[in-house]
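K.L.:
Under the numbering used here, residues 2 to 286 are what the sequence shown spells out, in order. Beta carbons are placed, not taken as given, at the ideal position from N, Cα and C, and that holds for glycine.
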Amino acid sequence: MIRESSGDRGTAYIAALLAAVVSTYIALEILQTERGVSAVLAAESGQARLIAAADAGLAMTIYQLGLKDSTQRLRADGRVHALYFEGVNLSITVQDERGKVPLNSAGPDVERRLFAAAGVEGERLEILVDSLNDWKDSDDSARQHGAESSFYRSMGFPPRNGEIRTIDELAKIRGMDNALLERIAPAITVTKGIFGTFEPALAVPMALVAMKDRNGGQYDADRRREMLSGNQPALDFWDKIPVTGRVLAVTVLATGLDGGSSFRRDVVVQFTGNPEQPYWIRFAR
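(1) By a C-beta neighbour count over all protein chains shown, 10 Å radius and 16 as the cutoff for buried, is F272 buried or exposed?
(2) Taking the alpha carbon of A119 as the point to measure from, which residue in L182, A285, G274, E277 has its own alpha carbon closest?
(3) Below 8 Å, how does it come out for the stretch 129-140 and the stretch 85-93: are there three or more Cβ pairs, yes or no?
(4) Of all the options L59, S71, Q96, which has the alpha carbon lying nearest to the alpha carbon of L84?
(5) Just checking, does the stretch 66-85 make contact with the stretch 95-105 on the three C-beta pairs under 8 Å criterion?
(6) By the three-class DSSP mapping on this structure, what secondary structure does F152 have?
(7) Where does T256 sit, in a helix, a strand or coil, going by DSSP?
(8) Could you work out which residue in R266, S155, R286, V130 is closest to R144 when comparing CA atoms only?
(9) For the 8 Å Cβ check, are there 3 or more pairs between the stretch 202-210 and the stretch 103-113?
(10) Look at the Cβ atom of S262, then the Cβ atom of Q65, and state whether they are nearer than 9 Å.
(11) To the nearest angstrom, how far is it from the Cα of A55 to the Cα of A188?
(12) Output the boundary residues of the beta strand (DSSP E) element that contains F86.
(13) Contact check, S151 vs P160 under 8 Å by CB: the rounded distance?
(14) Could you give the DSSP three-state label for T198: helix, strand or coil?
(15) Mapping DSSP to helix, strand and coil, what is F158?
(16) Using only the alpha-carbon positions, how far apart do H350 and F116 sit?
(17) For the putative contact between R99 and F199, defined by C-beta atoms under 8 Å, what is the C-beta separation to the nearest angstrom?
(18) Do V253 and V269 have their C-beta atoms within less than 9 Å of each other?
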């Protein structure tokens, strides 16, 4: 639930967005009551409803993440927050980008542990590690199990030969498929300019396994799983972490009551500490 706070800026933007969402719902209700509405229009209005609900959930999440009162602030601890909004179920997760594997600067050992933690083994594991590094490096010489421009030519695109720009880009890499990408996506980041180094206490278990040699050893991944499942209390230092400078990944999954339709909104937001522009959207899809 949104709480009013006179000291928190950005409220006007949130209110405007929520007003637009309400207007969208009114328009959808009018559309759906018209006689002779086709099945196509009905489907489109249903999708628009999911999008509007997801954006409303995003607005409320950003508001609560930016509250000055740290005891009331939503925690970016990777847990799933359930919300019901105008006939739509919302599942919202927030993760600090410092708790993810920085894929552009990660080396082969980190990458190998990441893919292995996702269930990859054998030759495919070597193909993924070598192909990922071939994708990132600037030359056109393929590693033993890797792939360069000659491999991708028939697919109609060249390798990046530079820093990965989006998580979705990984789907193009040799050895990758959608199922694997979905498993590793919550544990990796390609966001530039993240303040600070990898923080184990903020990480999901897969990232902890991959980054086990950072910051003096491996954080207890089993304890982290327990915390995310709700079987252990959240870490008690959350309220002491300032919001200014934090780069947070927000995922909102909107699902219709029929359970058969859904819409996903992904945003990376950075809080600036500037009352005139309290946050930046670093990435959105």
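P.N.:
Answer, in terms of the structure:
(1) In the sequence shown, the residue the question calls residue 272 occupies position 271. It counts as buried.
(2) Within the sequence shown, residue 119 is the residue found at index 118, counting from 1. Taking only the C-alpha atoms, the option nearest A119 is L182.
(3) no
(4) Residue numbering aside, residue 84 sits at position 83 when the sequence shown is read from its first letter. Considering only alpha carbons, the answer is L59.
(5) yes
(6) Counted from its first residue, the sequence shown places residue 152 at position 151. Reduced to three states, the DSSP call for F152 is helix.
(7) For the purposes of this step, residue 256 is taken as the residue at position 255 of the sequence shown. In this structure, T256 counts as strand in the three-state DSSP scheme.
(8) For the purposes of this step, residue 144 is taken as the residue at position 143 of the sequence shown. Among R266, S155, R286, V130, the Cα nearest to that of R144 belongs to V130.
(9) no
(10) Within the sequence shown, numbered from 1, the residue matching residue 262 stands at position 261. Within the sequence shown, numbered from 1, the residue matching residue 65 stands at position 64. Against a cut-off of 9 Å, the Cβ pair of Q65 and S262 comes out as no contact.
(11) Against the sequence shown, residue 55 aligns to sequence position 54. Against the sequence shown, residue 188 aligns to sequence position 187. Roughly 22 Å between the two C-alpha positions.
(12) For the purposes of this step, residue 86 is taken as the residue at position 85 of the sequence shown. Where F86 is concerned, the enclosing beta strand (DSSP E) stretches over 78-86.
(13) For the purposes of this step, residue 151 is taken as residue 150 along the sequence shown, with counting starting at 1. For the purposes of this step, residue 160 is taken as residue 159 along the sequence shown, with counting starting at 1. With a Cβ gap of about 10 Å, S151 and P160 do not count as contacting.
(14) On the sequence shown, residue 198 is found 197 positions in, with the first residue counted as 1. The answer is coil: DSSP assigns T198 none of H, G, I, E or B.
(15) Residue 158 sits at position 157 when you count from the first residue of the sequence shown. Coil at F158, not helix or strand.
(16) In the structure as shown, the chain starts at 2 and stops at 286, and residue 350 therefore has no counterpart that could be examined.
(17) Mapped onto the sequence shown, residue 99 falls at position 98. Mapped onto the sequence shown, residue 199 falls at position 198. With a Cβ gap of about 6 Å, R99 and F199 count as contacting.
(18) Along the sequence shown, one-based indexing puts residue 253 at 252. Along the sequence shown, one-based indexing puts residue 269 at 268. For the pair V253 and V269, the CB atoms are not nearer than the 9 Å cut-off.
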